[in-house]
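Numbering (our numbering), first residue to last: 5 to 173.
Step one of this worksheet: look at the structure below.
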């Protein structure tokens, strides 16, 4: 993963030296595909693979990425709603007025509108899946942080006990 500095230079994670666990994210989980794996991907699979790699690069912090992805999912869902409004309110419902227009509209609906609508539905579904994955990752990270804090507190208590014992002796 890389970051941009204020001067626009790109720094890798090792150069950025971030201690924020929020930035240690799912980038490692997006597997690098081999040529053999890449060339068998369908368009949508490749698009999702590339997007999955880009999200952590764009927004390294998990909770910020989670918020962004929720907005993006909502955006896709609103697009689907708008496609449905076109189907219900704009396209002619029967062929009595203008048979040619009705037929052309039905062909366009099938060949263009439905494909676009279904692709957008798929994007919303994929985004929902990515959001669930991110929720799990955030929960795991929070649990790890809590465990580290408990361990640190336990060590401090043991250290305090040792100091108290030394003072008594």
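Just so it is clear, CB atoms sit at the ideal spot from N, CA and C, and this is done for glycine as well.
Taking C-alpha positions only, residue 114 is separated from residue 133 by approximately 27 Å.
Rounded to whole angstroms, the gap between the alpha carbons of residue 116 and residue 87 is 11 Å. The three-state reading of DSSP puts residue 39 in helix, counting H, G and I together. Less than 8 Å separates the beta-carbon of residue 80 from that of residue 124. Going by C-alpha positions, residue 76 is about 38 Å away from residue 104. An exposed status is given to residue 58, since fewer than 16 other beta-carbon atoms sit within 10 Å of its beta-carbon. With the rule of 3 Cβ pairs closer than 8 Å, the segment 137 to 155 counts as touching the segment 52 to 67. For residue 84, the enclosing alpha helix (DSSP H) stretches over residues 66 to 89. In the structure shown, residue 96 falls within a coil segment according to DSSP collapsed to helix, strand and coil. Contact between residue 130 and residue 74 does not hold, since the beta-carbon distance rounds to 14 Å and is not under 8 Å.
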